[in-house]
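Peer 1: Numbering (my numbering), first residue to last: 11 to 474.
The structure that follows is given in the form of structure tokens.
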Ligand SMILES: Nc1ncnc2c1ncn2[C@@H]1O[C@H](COP(=O)(O)OP(=O)(O)O)[C@@H](O)[C@H]1O
Ligand SMILES: [Mg+2]
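Encoded structure:
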């Protein structure tokens, strides 16, 4: 029998719990002290935590919060005695994956754990495409993305509401939100999105809650808010960190009471939508700086879904996969569709070296521009236009910050040529190709700027 998951961490004092999960895991770890759980979780990195019936709901809430604080979010299953059914709703509110009643229901425990391991491990299919319409396809096989996709599934299949998605700009937060929506609600229900940074506080408020006629000047008719329009579907609050404090308080009330009132209205309207918020800022830092409400933060961050930046070691494996995906699927230039077969080796290297401050969005733009410019059937370095300032190298980028201060085109060009030579290991053909210029032009530039290989240089080499 194949094990459903690799590692399970059982918390509590009842040995029955360990016996119960043993058939489903490669390794079972036990913790009888909840105080030291965080360090154990970070050492063991379990696939799931199981709290046995000896651990109180309050203790589970406390430990969930402390794991969150340490960024050690992990799905949790709770065991309860069959007579403790009233524990279920508050536990679900905490975002626990599921609850098993009694130590005898091994079958149910098995089903829940099996579900955890159902992330695809197919190796032929290079892209992970969720059971979703093409527009919601999530591409990625890197470790970081596998983890994220797993989390998306888990959170979508739990009753967790609200849901927080964090990550730098362009990492795929909105796409992840749509995937959650799709997994949870299918294609039937609505997905409505609003960018909290794009509207003034007043506008955002009436956009979210709606207003009644005469609520303020200009409100000449009733307006239905997005919370209501979303119905039993999903409302996506993009860039939640930009929401004004007063509105944050009103949102918190919606999350707690599950009802709201239109601006100027008195009727309580029920909110049945899944609320997904995203942030590209570190919300905890915003909380510490007094810009984001702490209570709202805790309410939101039950089981956050995190998207790693593209430059992270754990996500680098996705760069070429995504590039190929965009080459194949972009509609930017229909007449070229299918004609461009891929990337040259050097182009691949260039993509891998870049540090992608704009993440997947930037990569997509770079590839689409290259598709437009490329005349051959492979995208080469001359059509990949990257901001060289942001290309990673083992050398310090400080010199770049310096050049930016007293910027001149000449200086910038010199730096660029030098950098390309360094990156090409002083091979002129490669450097020329990196720069998208001919060898002859490169020779001329090297001479013009008096650029030599460091061994021949008089200056003291910079420490690397
Ligand atoms: N894993 C991915 N697979 C395919 N396309 C992606 C992926 N992540 C992001 N994208 C694409 O990159 C762009 C930016 O993604 P988006 O979800 O809007 O990012 P964010 O909301 O984090 O700024 C979108 O065009 C999106 O479709
Ligand atoms: Mg976005």
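Just so you know, even glycine gets a beta-carbon here, dropped at the ideal spot from N, CA and C.
Per DSSP, what kind of secondary structure is residue 302 in: helix, strand or coil?
Peer 2: coil
Peer 1: So residue 202 packs on residue 245, CB below 8 angstroms; how close in whole Å?
Peer 2: 5 angstroms
Peer 1: Is the segment 204-211 touching the segment 220-227 in the sense that three or more CB pairs, one from each, lie closer than 8 angstroms?
Peer 2: no
Peer 1: Looking only at C-alpha atoms, which of 167, 343 and 270 sits nearest to residue 375?
Peer 2: Of the listed residues, the one whose Cα sits closest to residue 375 is 343.
Peer 1: Going by DSSP in three states, residue 242 sits in which element: helix, strand or coil?
Peer 2: coil
Peer 1: Can we count residue 184 as close to ligand 2, meaning its CB is less than 7 angstroms from some heavy atom?
Peer 2: With a cut-off of 7 angstroms, the C-beta of residue 184 is classified as near ligand 2, since at least one heavy atom of the ligand falls inside that distance.
Peer 1: Give me the DSSP bridge partner(s) of residue 269.
Peer 2: 280
Peer 1: To the nearest angstrom, how far is it from the Cα of residue 79 to the Cα of residue 291?
Peer 2: It is roughly 16 angstroms from the alpha-carbon of residue 79 to the alpha-carbon of residue 291.
Peer 1: Among the residues of its own chain, which have a CB less than 8 angstroms from the CB of residue 231, if the five just before and after it don't count?
Peer 2: 223
Peer 1: Would you report the Cα separation of residue 116 and residue 61, rounded to the nearest angstrom?
Peer 2: If I take the Cα positions, the gap works out to 15 angstroms.
Peer 1: Of all the options 356, 289, 196 and 247, which has the alpha carbon lying nearest to the alpha carbon of residue 215?
Peer 2: 247
Peer 1: Any heavy atom of ligand 1 closer than 7 angstroms to the Cβ of residue 332?
Peer 2: yes
Peer 1: Please classify residue 462 as buried or exposed, where buried requires at least 16 other C-beta atoms within 10 Å of its C-beta.
Peer 2: exposed
Peer 1: Look up residue 109 in the DSSP assignment and say whether it is helix, strand or coil.
Peer 2: strand
Peer 1: Can you tell me whether DSSP reads residue 221 as helix, strand or coil?
Peer 2: strand
Peer 1: On the three-state DSSP scale, how would you describe residue 388?
Peer 2: strand
Peer 1: Out of curiosity, what's the CA-to-CA distance linking residue 113 and residue 70?
Peer 2: 18 angstroms
Peer 1: For the segment 372-389 against the segment 181-200, do three or more pairs of beta-carbon atoms, one drawn from each stretch, fall closer than 8 angstroms, so that the two count as touching?
Peer 2: no
Peer 1: DSSP three-state label for residue 476, please.
Peer 2: Outside the shown range of the chain, which is 11 to 474, sits residue 476, and nothing can be said about it.
Peer 1: Should residue 35 go down as buried or exposed, given a rule of 16 or more other Cβ atoms within 10 Å for buried?
Peer 2: buried
Peer 1: By DSSP, does residue 470 sit in helix, in strand, or in coil?
Peer 2: With a pLDDT of 41 at residue 470, under the threshold of 50, the modelled position of this residue cannot be trusted; read the value that follows with caution. Correct three-state label for residue 470: coil.
Peer 1: Could you check the C-alpha separation between residue 130 and residue 123 for me, to the nearest Å?
Peer 2: Only weak support is given to the placement of residue 130: the predicted model assigns it a pLDDT of 46, under 50, and the question is left unresolved by the model.
Peer 1: With DSSP as the reference, label residue 177 as helix, strand or coil.
Peer 2: strand
Peer 1: Considering only DSSP beta bridges, list what residue 78 is partnered with.
Peer 2: In DSSP, residue 78 forms no bridge with anything.
Peer 1: Under the three-state reduction of DSSP, which class applies to residue 288: helix, strand or coil?
Peer 2: Three-state DSSP puts residue 288 in a strand.
Peer 1: Specify the secondary structure class of residue 125 as computed by DSSP and reduced to three states.
Peer 2: helix
Peer 1: Enumerated in chain order, which unbroken segments of the alpha helix (DSSP H) with a length of 4 residues or greater are wholly contained in the segment 175-213?
Peer 2: 183-195
Peer 1: Can you pull the DSSP bridge partners for residue 20?
Peer 2: Residue pairing for residue 20: DSSP places it in a beta bridge opposite 40 and 60.
Peer 1: Would you report the Cα separation of residue 118 and residue 95, rounded to the nearest angstrom?
Peer 2: Roughly 16 angstroms between the two C-alpha positions.
Peer 1: Counting along the chain, where does the beta strand (DSSP E) carrying residue 315 start and finish?
Peer 2: 315-317
Peer 1: Can you have a look at residue 351 and say buried or exposed, based on whether 16 or more other CB atoms are within 10 angstroms of its CB?
Peer 2: exposed
Peer 1: Are the Cβ atoms of residue 186 and residue 317 separated by less than 8 angstroms?
Peer 2: yes
Peer 1: What do you get for residue 237, buried or exposed, if any count of 16 or more other CB atoms within 10 angstroms of its CB means buried?
Peer 2: buried
Peer 1: Where do the ends of the beta strand (DSSP E) carrying residue 86 lie?
Peer 2: Looking at the DSSP string, the run of the beta strand (DSSP E) that includes residue 86 is 86-90.
Peer 1: State yes or no: is the C-beta of residue 362 within less than 8 angstroms of the C-beta of residue 332?
Peer 2: Taking 8 angstroms as the cut-off, the Cβ atoms of residue 362 and residue 332 do not count as close.
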